[in-house]
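See below for the structure under consideration.
Number of protein chains: 2
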Amino acid sequence: MVDDLMTRIDQTIERNIETYLSWLAKLVAVPSVAAQDFGIKPCASLVASMLNEQGYQAEVVPTEGSPVVYGEGGTGDRTLMFYNHYDVQPAEPMELWVTPPFEMTQRGDKIYGRGTADDKGHIVARLAALHAVRQVLGELPCRVRFVIEGEEEIGSVHLSAFIEKNKEKLAADACVWESGGVDYDGTPLQYLGLRGICYVELSVQTAALDAHSGLGGSIFPNAAWRLVWALHTLKDQNEKILIPGFYDTIQPPSARDRELLAALPDNADNVLKTYGLKSFLKGMTGGVELRRAEVFEPTCTICGLTAGYQGDGIKTVLPAEASAKVDFRLVPNQTPQEVVEKLRKHLDAQGFQDVVINDLGGDHPARTDPDHPFVRLSNEAARQVYGKAPIIHPLIGVSGPIHPFIHVLGMPVTMCGVSYPGAQVHAPNEHIVLEHLIKGIKHTAHIIAEFGESG
Amino acid sequence: MVDDLMTRIDQTIERNIETYLSWLAKLVAVPSVAAQDFGIKPCASLVASMLNEQGYQAEVVPTEGSPVVYGEGGTGDRTLMFYNHYDVQPAEPMELWVTPPFEMTQRGDKIYGRGTADDKGHIVARLAALHAVRQVLGELPCRVRFVIEGEEEIGSVHLSAFIEKNKEKLAADACVWESGGVDYDGTPLQYLGLRGICYVELSVQTAALDAHSGLGGSIFPNAAWRLVWALHTLKDQNEKILIPGFYDTIQPPSARDRELLAALPDNADNVLKTYGLKSFLKGMTGGVELRRAEVFEPTCTICGLTAGYQGDGIKTVLPAEASAKVDFRLVPNQTPQEVVEKLRKHLDAQGFQDVVINDLGGDHPARTDPDHPFVRLSNEAARQVYGKAPIIHPLIGVSGPIHPFIHVLGMPVTMCGVSYPGAQVHAPNEHIVLEHLIKGIKHTAHIIAEFGESG
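As they're listed, the protein sequences go chains A and B. Taking the numbering used here, the leading residue of the first sequence gets 31, the next gets one more, and so forth. Taking the numbering used here, the leading residue of the second sequence gets 31, the next gets one more, and so forth.
This is how it looks when you write it as structure tokens:
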């Protein structure tokens, strides 16, 4: 009986896939780059109207930054929440895209476009799954709530405040996160926690204007040199972060974490191939050592450097200003606030009082208990759809605003999605695979159907 | 009699200044940015046609890079050469210009536009001076040759070869250099030598594509970090260049150099004010110590840094590529070739075999004897025009292709010009002062008249 229901849901999804792709095309066509405030409001309106068209009560809720699209629908005692985001990363460098980033393009079995994997494809997967479940059951088997924000790619700056303010309204029993998908070999992935992030811009100004390098080179301070010297004090060539106290609050992986890490397959070769890498850092080649380093170690990544002349050929200029974007990934129990404080102290102690820290946003790390019943339900639904049990990651390297969902709203959070490790998220030619989209929709639909049943 | 001649030349210059300004406006209006190959050929044609209009035999001589405009005219046993360049620095950052860079604009006593000071104003000064001398004398008192190149701002890449190839044709007795002018208080400046330059781009690629910083931060190499670490090995915070052997070939300033340095006025406060600096490097405040450091020390200047995301806000990217533009200023007897070789060895020894050096061009340092008769002639002409003896610099910080003129063509080279230290050369809002233009033309004209007389 249940199997028959699931089969009918799956068939409904397959029958309607062109419709669901047309929804994705509509979403990709509205840029919504939060970092550049490009298309944000039009995209929020589009998402709300898509929810309304599907019969949900949706509203565009203003915040101090990008608006949050909130939606609700369904009836019953139990409530399932979907957290997603409609904003995307900048598409630059534009010239590396084979087809335009904001025009969904299918080539072979792949669907290209900024946001296809992160995160518009997931918005569509949730709407499509709910659509299919309703087609089969006639109505939703539970209440649903949507929180679809527009600042995930710039650190979800105003989401925590939105959640605190609407704590009662947002009450739910469980949450399906904005991401997920399969590994290189098609095995579904379950992610039980996210690293935190602290993203800063370090900038230095040494003069009122740029100088001719021939005039000032020996006697003027140079902003680019100041920046290089300051950055050099943050991390050594062995990847050790040199900010005093940076590692103090870290909770090392538990025995259960190590058990889950040991059970993970080794994707090292695929990763090397995808990124054209000769080797990993510090001579790591794979196995538990690499997997532990990948997620249970905090990072200090230079995401960008800017100073002086960057065009073709020669310009003999001594730059008055220089800046770097630096991204720290945090592991339990580090906090973005403590990193900014320790960084300031460190720069001052090293003589870099002239290096200004612009705090661009952060997220706390947070995790869901691997033995929570909703985690088991989600994993079982994955097993049905993908024909194999999901790979369970106790923590993953990327970040997101999961902390307020787990610790303010008090919900378990599971992953379920349409992406894969080759999707080139945040890079040119971001894409998803059609088969992954279909399975991601089915997985979402099975979770909804089981969640309603289990109430 | 001579005084009367000079007075008539000066009056002719004053009477024709609007005509000369119209020549400058025409030159500024044709961009000619060598680094971007923007407008180079149209500007070379314009310069040649301006020479032809003034009665010189001019030709546009192709090289492997920008063409050289060569011109000649006049008669007599003695030949005076004018070296200039029609190319200019890039105008970026455009938004900092008060009026468009390629549109000559007079505001108050200042004339703004890219190239007004460096070096189109000087081309006009030479043509205007010759025009006035001919108006007064009826003909030129000597032979003249023009070498007006189009790659000075990118290291005069093909000029040495042009000079070697045309050594006989270019024979002359003395050369007036492309630059010069007055100090902050209007005192004329005599520059007797230029530092050399070695300009390189250092680049590193660590992967085939950028990665999400959350995925790769702990385990992928990062091109921006590699670049920062590599740059850090080049110079310490005390401005000491750490490349082994870098200082080995340096000839320290002579007793005569120190005498000339000691006679220089102290412009330290003006320099601090112009650039909005709190202080000079290494606690220097002025005097001979600062002047010696300014020109007799070689430099390693970061002119530009580029990596990853440089737009507004956040992009969580781990860059696969990063690069820096680095400018070494060389003192006698360093050579650009030895610097590139020592830099390569150093980077290899430090473990930075992955950092690629792109050699973008160089000039050798070179100097003229302060006691050469043509230097005295030029200085005496300055005294006549400016009412005071010039300040004599044994060496200046900037670079240019002076080496082949002094060491291949065997000529003394003196400076004479229309610029001043506040001209913002190479920076936004480059300009000259009208009074400086008039005096620079007069000084050039007096040199020509005296040079003809002295033959």
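For each residue, glycine too, the CB sits at the ideal point set by N, CA and C.
- Between A:F481 and A:P403, the alpha-carbon positions lie close to 10 Å from each other.
- Ranked by how close their Cα comes to the Cα of B:Y100, the residues B:G180, B:H161, B:G210 have B:G180 in first place.
- Here B:A238 carries a coil assignment [DSSP, helix/strand/coil].
- Inclusion of A:V154 and A:Y50 in the CB contact set at 8 Å is warranted, their separation being smaller than that value.
- A:R156: not part of any beta strand (DSSP E); member of the alpha helix (DSSP H) spanning 150-167, first to last residue.
- Under the 8 Å criterion on CB atoms, A:C172 is classed as non-interfacial with respect to chain B.
- At least 8 Å separates the beta-carbon of A:D399 from that of A:P431.
- Only residues of its own chain outside the window of five on either side were considered, and among them A147, E460, H461, I462 have a CB closer than 7 Å to the CB of B:A453, listed in chain order.
- Taking every protein chain shown into account, the CB of B:G85 has fewer than 16 other CB atoms within 10 angstroms, so this residue is exposed.
- The alpha carbon of B:A354 has as its nearest neighbour, out of A:E133, A:L348, A:Q367, A:P130, the alpha carbon of A:L348.
- Counting the other Cβ atoms within 10 Å of the Cβ of B:P434 gives 16 or more, which makes it buried.
- Between A:Q267 and B:I344, the alpha-carbon positions lie close to 25 Å from each other.
- Not a single C-beta of chain B is nearer than 8 Å to the C-beta of A:E44.
- The beta carbon of B:T474 lies closer than 7 Å to those of A155, R156, A159, V206, C446 in the same chain, with the five residues before and after it left out.
- For the stretch 224-235 of chain B, the set of residues with a beta-carbon nearer than 8 Å to any beta-carbon of chain A comprises R225, I227, Y229, in chain order.
- When the beta-carbon positions are compared, B:I422 and B:L222 come within less than 8 Å of each other.
- Taking C-beta atoms under 8 Å as the contact rule, A:A74 and A:I184 fail to qualify, at a distance of about 15 Å.
- Straight across, the Cα-Cα distance linking A:L110 with A:V174 is about 5 Å.
- Taking 8 Å as the cut-off, the beta carbon of A:H456 is found closer than this to the beta carbon of B:T346.
- Under the three-state reduction of DSSP output, B:S209 falls in the coil class, being neither helix nor strand.
- Ranked by Cα distance from B:T37, the first of B:G106, B:V163, B:H152, B:T135 is B:V163.
- For B:Q364, no chain A residue has a Cβ inside 7 Å of its Cβ, as the nearest lies near 14 Å away.
- Contact check for B:I178 and B:V77: beta-carbon distance about 6 Å, within the 8 Å limit, so the pair qualifies.
- For B:S429, the enclosing beta strand (DSSP E) starts and ends at 426-429.
- Checking the DSSP bridge columns, you'll see B:A88 partnered with B:G101.
- DSSP links A:A354 through a beta bridge to A:L232, A:L335.
- B:H437 counts as exposed, since fewer than 16 other C-beta atoms from the protein chains shown sit within 10 angstroms of its C-beta.
- Distance check between B:S309 and each of A:L245, A:Q340, A:A237 places A:A237 closest, using alpha-carbon atoms only.
- Residues of chain A with a Cβ closer than 9 Å to the Cβ of B:A254 are, in chain order, L261, T331, I332, C333, G334, L335, A354.
- For A:P251, the C-beta contacts it makes with chain B under 9 Å involve L307, K308, S309, F310, L311, in order along the chain.
- Taking 8 Å as the threshold, the shortest C-beta distance from A:R359 to chain B falls below it.
- Around the beta carbon of A:G275, a 10 Å sphere encloses fewer than 16 other beta carbons of the protein chains shown; the residue is thus reported as exposed.
- Only residues of its own chain outside the window of five on either side were considered, and among them L110, A159, L160, V163, L170, P171, C172, V174 have a CB closer than 8 Å to the CB of B:I478, listed in chain order.
- Under the three-state reduction of DSSP output, A:C330 falls in the strand class.
- Taking the beta carbon of A:G95 as reference, no residue of chain B falls within 7 Å; the closest one sits roughly 10 Å away.
- From the beta-carbon of B:K265, the residues of chain A found nearer than 8 Å are W255.
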